[in-house]
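Quick notes on the structure that follows.
In UniProt numbering, the protein residues as written are 1 to 312.
Listed below in C-alpha cells is the structure:
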C-alpha cells in the first residue's frame with residue numbers, strides 16, 4: 001500500500017495512492033478524533049490496518065494531478081541518517097577502510113541527526129546555498145518507523161518498521177564560511193555536518209510504501225539520474241549495516257517512535273568522486289524499486305557570499 005501526504009486547495013491531508021489517484025483518508029474515517037495526519041495514523045496501528053479496506057470502499061478519488069505531494073511524514077520527530085554505509089562509496093570518497101575484515105564485523109553504524117528545515121517533497125526546487133559551489137546528491141532508502149522501539153534486537157527490528165520511502169541527502173562537500181579562518185581540530189567534521197543542513201537539503205517521497213509490500217528491504221534496486229544521465233546505480237544488498245542492524249543499533253541509543261525517519265546511506269557514484277556537482281536547473285530523479293521516483297530541480301545560486309562570518 002502506498003501512503004501519501006498532500007495539499008489541495010491550501011489544506012493538508014493524507015491518503016492512499018492507487019492507480020486511480022489519491023483516496024483522502026480523513027474524509028472516509030468515522031468515529032471520535034480520527035487521525036489528522038499520516039504521522040498520527042501511524043501512531044494508531046489498528047487504524048493503519050484498515051486503510052486498505054477504506055481505500056477500496058472509496059467512491060471518490062482525487063486525480064494525482066490535482067494535489068501537491070508533500071513529504072510522506074511532514075514533521076518527523078527525528079530525522080536520522082547514516083554516514084558511510086556502502087563500502088564502494090567510502091572508497092570513492094578517498095577514505096581508507098583500515099579494516100582487514102568486513103566493516104560490519106569490526107565497527108558500528110555512524111548515525112547523525114538532521115534538523116527539520118532540510119525536509120522537502122518531490123517536485124520541489126532545492127535552493128543552492130551561498131556558502132558552497134560543490135553541492136552533491138545522495139540517494140538513500142529511508143525507513144519510517146511504525147512502532148515505539150527501545151533496545152530491540154536485529155531479529156525483531158523490522159517488526160517496528162511501518163514502511164519505506166526515498167530520500168536524497170543533498171550535501172555541500174566544501175563550505176566557505178570565512179576566507180581567513182584559522183584551522184581548529186574537528187573543523188572538517190563540522191564543515192561536513194553543516195554542509196548537510198541547508199534548507200530543503202533532504203527531499204523525501206513521493207510516497208511511503210508499507211513494509212508488507214516491500215518485503216526484504218535488502219533486495220531493492222536504487223538509481224539516481226541527473227538530467228537523464230545515470231549517476232548512481234546499486235542495490236540495498238550492498239549496505240554494510242542492514243535496515244535491521246540500523247534500527248536495532250539506534251534503538252539502543254534512543255527511543256525510536258512512530259514517524260521517525262532513518263536514511264540508510266548512499267552507494268557509490270556521487271559527484272564528489274567525479275568532480276561533477278549539481279548546477280542550477282539540473283533535474284534529479286531518485287528511483288527505488290517498489291517505491292517510485294523522487295524528482296527535484298536545482299535552484300539558482302545566490303549572488304551573495306556568506307555575510308555573517310565575513311563580518312566577524
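Idealized CB from N, CA, C, for every residue including glycine.
None of these values were measured; they are calculated from a predicted model.
Taking buried to mean at least 16 other C-beta atoms within 10 Å of its own C-beta, is residue 300 buried or exposed? Within the chain shown, residue 300 is the residue found at index 300, counting from 1. Residue 300 comes out exposed.
Between which two residues does the beta strand (DSSP E) carrying residue 206 extend? For this step, residue 206 is matched to residue 206 along the chain shown. Counting along the chain, the beta strand (DSSP E) containing residue 206 begins and ends at 202-210.
To the nearest angstrom, report how far apart residue 129 and residue 305 are at their CA atoms. Position 129 of the chain shown holds residue 129. Position 305 of the chain shown holds residue 305. Cα-Cα distance, rounded: 9 Å.
Within the continuous alpha helix (DSSP H) that includes residue 299, where are the two ends? Start at 1 with the first residue of the chain shown, and residue 299 comes out as number 299. Looking at the DSSP string, residue 299 is not in any alpha helix (DSSP H), and its letter there is neither H nor E.
If you compare alpha carbons, which of 3, 85, 93 is closest to residue 240? The residue labelled residue 240 in the question sits at position 240 within the chain shown. Of 3, 85, 93, the residue nearest in Cα terms is 85.
Assuming contact is defined by CB atoms lying nearer than 8 Å, are residue 28 and residue 35 in contact in what I supplied? The residue you call residue 28 lines up with position 28 of the chain shown. The residue you call residue 35 lines up with position 35 of the chain shown. No. Outside cutoff.
Looking at the structure shown, is residue 36 part of a helix, part of a strand, or coil, going by DSSP? Counting from one through the chain shown, the residue named residue 36 turns up at place 36. In the structure shown, residue 36 falls within a coil segment according to DSSP collapsed to helix, strand and coil.
Please list, in chain order, all residues of the same chain as residue 320 whose beta carbon is under 8 Å from its beta carbon, the five residues on each side excluded. Residue numbering for the chain in the displayed model covers 1 to 312; residue 320 lies beyond these limits and cannot be assessed.
Please classify residue 297: is it buried, with 16 or more other beta-carbons within 10 angstroms of its beta-carbon, or exposed? Counting from 1 along the chain shown, the entry for residue 297 is found at position 297. Under this definition residue 297 is an exposed residue.
Are there 16 or more other CB atoms within 10 angstroms of the CB of residue 168, so buried, or fewer, so exposed? Position 168 of the chain shown, counted from the first residue, corresponds to residue 168. So residue 168 ends up on the buried side.
Given that a residue counts as buried once 16 or more other Cβ atoms are within 10 Å of its Cβ, and exposed if not, what is residue 217? Counting from one through the chain shown, the residue named residue 217 turns up at place 217. Residue 217 should be labelled buried.
Spell out a yes or no on whether the region 248-260 and the region 138-157 are touching, meaning 3 or more CB-CB pairs, one atom from each, closer than 8 Å. Cβ pair count under 8 Å is three or more, so yes.
Starting from residue 194, trace the alpha helix (DSSP H) both ways and give me its first and last residue. For this step, residue 194 is matched to residue 194 along the chain shown. It spans 187-194 - the alpha helix (DSSP H) in which residue 194 sits, taken as one unbroken run.
Span of the beta strand (DSSP E) holding residue 232? Locating residue 232 in the chain shown gives position 232, where the first residue counts as 1. 229-235 is the extent of the beta strand (DSSP E) around residue 232.
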